[in-house]
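Q: First residue of the sequence shown: 134, per this note's numbering; consecutive thereafter. Beta carbons are placed, not taken as given, at the ideal position from N, Cα and C, and that holds for glycine. Predicted model, so just to flag it, every value in this text is computed and none were measured.
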Amino acid sequence: ANTAANTATTTAAATTLSPVAEAEAQENSRLQSYLNQYESKCTDNGELSNWMDRISSALKYGKLNEKIQVRIEFASYNTRRLELENEIADRIEELDDLIPQQQPYTKCSLFYQKQRRNLRKAKNLSNERKAIKLKENSVECVDDYDYDFDYP
Numbered sequence: 134a135n136t137a138a139n140t141a142t143t144t145a146a147a148t149t150l151s152p153v154a155e156a157e158a159q160e161n162s163r164l165q166s167y168l169n170q171y172e173s174k175c176t177d178n179g180e181l182s183n184w185m186d187r188i189s190s191a192l193k194y195g196k197l198n199e200k201i202q203v204r205i206e207f208a209s210y211n212t213r214r215l216e217l218e219n220e221i222a223d224r225i226e227e228l229d230d231l232i233p234q235q236q237p238y239t240k241c242s243l244f245y246q247k248q249r250r251n252l253r254k255a256k257n258l259s260n261e262r263k264a265i266k267l268k269e270n271s272v273e274c275v276d277d278y279d280y281d282f283d284y285p
């Protein structure tokens, strides 16, 4: 009976990871989940593609502290990326509501259509460029025509 108990203890001890090995396994799992989730979505986004390369490299060759650093930096980048993409989608939705309210081919109609086109293209830009495009394409049209003088 003692031999069976010793074998169970030895087997259990052999499968228990050291705290460092356990932390490394967790980081590997987190980084791999990022690759699984985003690798197919980065074909048109150079910045996201670069992040996938960094994650892949850290996963293959990085030490634990490098893996943690890459994970934290990517999480920050990705949170901002998703925020910007949501803000862009919200602005496009606003433009989709604004455009039909404009007279066709007027200054403001064309202005808002151009903003919508620019924002649709912005999704694949870097976070910095997304923020710039969002700001540039979130201004209201100023119709400088004075309607009060239409009447004699």
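Using the Cβ count rule (16 or more neighbours within 10 Å means buried), how would you classify Ile-265?
A: Per the 10 Å Cβ criterion, exposed.
Q: Would you decide whether Val-275 is buried or exposed? Buried here means 16 or more other CB atoms lie within 10 Å of its CB.
A: Result: exposed.
Q: With H, G and I counted as helix, E and B as strand and the rest as coil, what does DSSP make of Glu-273?
A: Residue state, collapsed to three classes: coil.
Q: Mapping DSSP to helix, strand and coil, what is Ala-141?
A: Per-residue confidence for Ala-141 stands at a pLDDT of 42, beneath the threshold of 50, marking its modelled position as unreliable; no derived number is given.
Q: Mapping the DSSP letters down to three states, classify Lys-193 as helix, strand or coil.
A: Three-state DSSP puts Lys-193 in a helix.
Q: Pull up the distance between the alpha-carbon of Ile-232 and that of Glu-155, whole angstroms please.
A: One C-alpha to the other measures close to 55 Å.
Q: Please report the straight-line C-alpha distance between Lys-196 and Ala-255, rounded to a whole angstrom.
A: When rounded, the distance between both Cα atoms is 35 Å.
Q: Hey, Ala-208 and Lys-200 are a contact pair by Cβ (cut 8 Å); roughly how many whole angstroms apart?
A: No, Ala-208 and Lys-200 are not in contact; Cβ-Cβ is about 12 Å, not under 8 Å.
Q: Rounded to whole angstroms, what is the Cα-Cα separation between Ser-162 and Arg-262?
A: Roughly 31 Å between the two C-alpha positions.
Q: Use the C-beta contact count for Gln-165: other C-beta atoms within 10 angstroms, 16 or more gives buried, fewer gives exposed.
A: Its Cβ having fewer than 16 others within 10 Å, Gln-165 is exposed.
Q: Cβ atoms of Arg-249 and Leu-228: under 7 Å apart, would you say?
A: Yes, the Cβ-Cβ distance between Leu-228 and Arg-249 is below 7 Å.
Q: For the alpha helix (DSSP H) holding Leu-243, just list the boundary residues, first then last.
A: Here the alpha helix (DSSP H) through Leu-243 covers 240-255.
Q: Within the same chain, show all residues whose beta-carbon is closer than 7 Å to that of Tyr-171, passing over the 5 residues directly before and after it, in chain order.
A: Excluding sequence neighbours, Tyr-171 sits near Leu-181 and Met-185.
Q: If you count every other CB in all the chains shown that lies within 10 Å of the CB of Leu-267, and 16 or more means buried, which is it?
A: Looking at its Cβ environment, which holds 16 or more other Cβ atoms inside 10 Å, Leu-267 is buried.
Q: Return helix, strand or coil for Gln-235, following the three-state DSSP convention.
A: Coil at Gln-235, not helix or strand.
Q: Counting along the chain, where does the alpha helix (DSSP H) carrying Glu-160 start and finish?
A: Looking at the DSSP string, the run of the alpha helix (DSSP H) that includes Glu-160 is 152-171.
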